[in-house]
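There are 2 protein chains.
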Amino acid sequence: MSIPRANSRERILAAAAEVARETGPGSLSLDAVAHRAGVSKGGLLYNFPSKAKLMQGLVASHVEEFEQLLDEAVAGGEPLVSAYLRLTAEACEKDEPAAWIFSAMAEDPDFLEPVNQHRRRLLDRLKAETPNVTDLLVVFFAMEGLLSMKLFGTAILSADERKMLVERLSQIAGGRGV
Amino acid sequence: MSIPRANSRERILAAAAEVARETGPGSLSLDAVAHRAGVSKGGLLYNFPSKAKLMQGLVASHVEEFEQLLDEAVAGGEPLVSAYLRLTAEACEKDEPAAWIFSAMAEDPDFLEPVNQHRRRLLDRLKAETPNVTDLLVVFFAMEGLLSMKLFGTAILSADERKMLVERLSQIAGGRGV
DNA sequence: TTGACAATACCGTCCAGACGGTACAGTTAC
DNA sequence: GTAACTGTACCGTCTGGACGGTATTGTCAA
Chain A
1 MSIPRANSRE
11 RILAAAAEVA
21 RETGPGSLSL
31 DAVAHRAGVS
41 KGGLLYNFPS
51 KAKLMQGLVA
61 SHVEEFEQLL
71 DEAVAGGEPL
81 VSAYLRLTAE
91 ACEKDEPAAW
101 IFSAMAEDPD
111 FLEPVNQHRR
121 RLLDRLKAET
131 PNVTDLLVVF
141 FAMEGLLSMK
151 LFGTAILSAD
161 ERKMLVERLS
171 QIAGGRGV
Chain B
1001 MSIPRANSRE
1011 RILAAAAEVA
1021 RETGPGSLSL
1031 DAVAHRAGVS
1041 KGGLLYNFPS
1051 KAKLMQGLVA
1061 SHVEEFEQLL
1071 DEAVAGGEPL
1081 VSAYLRLTAE
1091 ACEKDEPAAW
1101 IFSAMAEDPD
1111 FLEPVNQHRR
1121 RLLDRLKAET
1131 PNVTDLLVVF
1141 FAMEGLLSMK
1151 LFGTAILSAD
1161 ERKMLVERLS
1171 QIAGGRGV
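Top line first, the protein sequences correspond to chains A and B. If you count the first sequence from 1, position 52 lands on 52 in this note's numbering, and the numbers rise without skipping. If you count the second sequence from 1, position 44 lands on 1044 in this note's numbering, and the numbers rise without skipping.
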């Protein structure tokens, strides 16, 4: 029965995100996560020695995933701005709201520091590639706004409108804008 | 000692927002709020019969405050778009992060429905006043992005950059943009 | 090659404390 | 007298985390 599973960490992280989504960001208990992951509470605590570590792991895994996707796209020749717009738009189209971010926030706002740093690094990289900083800011914040609406569950745009907006932002970012 | 105070509700609501800000959105306990408001727990529960009612009141008070400010500005002759930009920019400049919104989210995501409805109404009103919907969407979402960065505590822009961005958004909204 | 030990990866239980909420008797301003 | 509380005591539940086990897989000297 106690066959070691190498992917326990990933399963637990995925379970945590699911529990946050389904039972609300404030109801993320270790018991619920362990049960969802098919792991005992002791097993969970073995992989993440405290709830704080679990939340930090949750945040880190999502940040790393996004950065990896971005770097792969750039390595594959896609311009950074384009990759950023595409990946963020894709995140907005997923129907899983990212409730994990609110769980982390509820536990301790400091846990979101990796996200904040990631955003700062990203904006710096974008600035370095873009001639018109003001236009870049417009594009960047509009995209972040779209994402935040998604996070808060505010269904405010039709799919068409969203597509229209993202295309317009691409134009602006490409220098054919403002 | 037990002098009835007519403004208990407001004091409790303000205390709740402060506690959320200072001890984290997830640590909003009735005891802490009551103590902070200088009210007994019984007194708190007299005004808000449950924690859910308290959170709903917290959300409602903030939404109503913003809507009132907006309506006053419009009644005073300021164009809606301009008032929206100004008030939102002012909210971003305050140094109180609005942690109450995360407390409500942690308690139950449904509690944010009044906020979502408010945003939808606002966007509809803005659409009705603006000839170019795409430009409006760019402005609206950029502003929401700026606000969300504030909410998440991501210090990403200098005061100058923020000012520059908001001015640019005013231009676009005024039709001299994209 | 085998026996001793150690490390890994868990399981299952238990517990102290926190929290939401109730109950109720007393107090004071109007 | 009533509305608006205060203060205290209490209850049931939930939760994080500590702890003691257990099975499996190395490691390594004799």
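Just so you know, even glycine gets a beta-carbon here, dropped at the ideal spot from N, CA and C.
Asked: Alpha carbon to alpha carbon, how far is B/Lys1053 from B/Arg1036? Give it in angstroms, no decimals.; Found: 18 Å
Asked: Decide if A/Tyr84 is buried, meaning its Cβ has at least 16 other Cβ atoms within 10 Å, or exposed.; Found: buried
Asked: Between B/Arg1162, B/Leu1147, B/Pro1025 and B/Val1139, which lies nearest to A/Arg169 when the distance is taken from Cα to Cα?; Found: Looking at the sequence provided, one finds Leu at residue 169 of chain A rather than Arg. A/Leu169 has its Cα closest to that of B/Val1139, out of B/Arg1162, B/Leu1147, B/Pro1025 and B/Val1139.
Asked: Quick check on this structure: which residue in A/Leu112, A/Ile101, A/His118 and A/Leu137 has the alpha carbon closest to the alpha carbon of A/Leu151?; Found: A/Ile101
Asked: Over what stretch of residues does the alpha helix (DSSP H) that includes A/Leu122 continue unbroken?; Found: Glu113 to Glu129
Asked: Pairing CB atoms from the stretch 100-114 of chain A with CB atoms from the stretch 1090-1105 of chain B, are three or more of them under 8 Å?; Found: yes
Asked: Would you mind stating whether B/Phe1066 and B/Leu1087 have Cβ atoms separated by less than 8 Å?; Found: yes
Asked: For B/Asp1071, return the contacting residues in chain A, with the cut-off set at a CB-CB distance below 7 Å.; Found: The contacting residues do not exist; B/Asp1071 stays about 21 Å from chain A at best.
Asked: Look up B/Asp1095 in the DSSP assignment and say whether it is helix, strand or coil.; Found: coil
Asked: Can you pull the chain B residues whose beta carbon is under 7 Å from the beta carbon of A/Val81, in chain order?; Found: Result: empty, since nearest Cβ-Cβ is about 15 Å, beyond 7 Å.
Asked: Taking any Cβ of chain B, which residues in the stretch 101-125 of chain A have a Cβ under 7 Å from it, in chain order?; Found: Phe102, Met105, Ala106, Glu107, Asp108, Pro109, Leu112, Asn116, Arg119, Arg120 and Leu123
Asked: Which two residues bound the contiguous alpha helix (DSSP H) that contains A/Glu72?; Found: Lys51 to Ala75
Asked: Using a Cβ-Cβ distance under 8 Å, would B/Ala1142 count as near chain A?; Found: yes
Asked: By Cβ distance below 7 Å, which residues in the same chain neighbour B/Asp1031 in space, the five residues on each side in sequence not counted?; Found: Lys1041
Asked: Return the Cβ separation of B/Leu1126 and B/Leu1070 in integer angstroms, given the expectation that the two are a contact with Cβ distance under 8 Å.; Found: That belief does not hold up - the Cβ atoms of B/Leu1126 and B/Leu1070 are roughly 11 Å apart, past 8 Å.
Asked: Is the shortest distance between the beta-carbon of A/Glu93 and the beta-carbons of chain B less than 8 Å?; Found: no
Asked: I want to verify the contact list: residues of chain B whose CB lies under 8 Å from the CB of A/Thr134, in sequence order.; Found: Met1164, Leu1165 and Arg1168
Asked: Anything in chain B within Cβ reach of A/Ile156, meaning under 8 Å, just list it in chain order.; Found: Asn1116, Arg1119, Arg1120 and Leu1123
Asked: Relative to the C-alpha of A/Ala60, which candidate in A/Leu122, A/His118 and A/Ser158 has its C-alpha closest?; Found: A/His118
Asked: Quick one: does B/Gly1024 have its CB under 8 Å from some CB of chain A?; Found: yes
Asked: Which residues in the same chain as A/Leu123 place their Cβ atom closer than 7 Å to its Cβ, once the five residues preceding and following it in sequence are excluded?; Found: Phe140
Asked: How would you list, in chain order, the residues of chain B whose beta-carbon sits under 8 Å from the beta-carbon of A/Gly153?; Found: Pro1109, Leu1112 and Asn1116
Asked: Quick test of your reading: A/Leu58 and A/Ala17, contact by CB under 8 Å. State the CB separation rounded to the nearest angstrom.; Found: 7 Å
Asked: Here's a check: name, in chain order, each residue in its chain whose Cβ is nearer than 6 Å to the Cβ of A/Val33, leaving out the five neighbours to either side.; Found: Ala15, Ala16 and Val19
Asked: Would you kindly check if the distance between the Cβ of A/Gly145 and the Cβ of B/Glu1144 is under 8 Å?; Found: yes
Asked: Given A/Val63, which residues of its chain have a CB within under 8 Å of its CB, disregarding the five upstream and five downstream residues?; Found: Pro114, Val115 and His118
Asked: Using a Cβ cut-off of 7 Å, pull out every chain B residue sitting near A/Ser148, in sequence order please.; Found: Glu1144, Gly1145 and Ser1148
Asked: Measure how close the beta-carbons of B/Leu1165 and A/Thr130 come, nearest whole angstrom, since I'm counting them as under 8 Å.; Found: With a Cβ gap of about 14 Å, B/Leu1165 and A/Thr130 do not count as contacting.
Asked: Are the CB atoms of B/Arg1021 and B/Glu1093 within a distance shorter than 8 Å?; Found: no
Asked: Along chain A, in chain order, which residues have C-beta atoms closer than 7 Å to that of B/Leu1137?; Found: Glu161 and Leu165
Asked: For B/Ala1173, which three-state DSSP category applies?; Found: helix
Asked: The alpha helix (DSSP H) that contains B/Phe1102, what's its start and end?; Found: Trp1100 to Glu1107
Asked: With distance defined between alpha-carbon atoms, name the residue in A/Ala173, A/Arg162, A/Asn47 and A/Glu10 nearest to A/Glu90.; Found: A/Arg162
Asked: When the Cα atoms are used, what is the spatial distance from A/Gly76 to B/Ala1173?; Found: 37 Å
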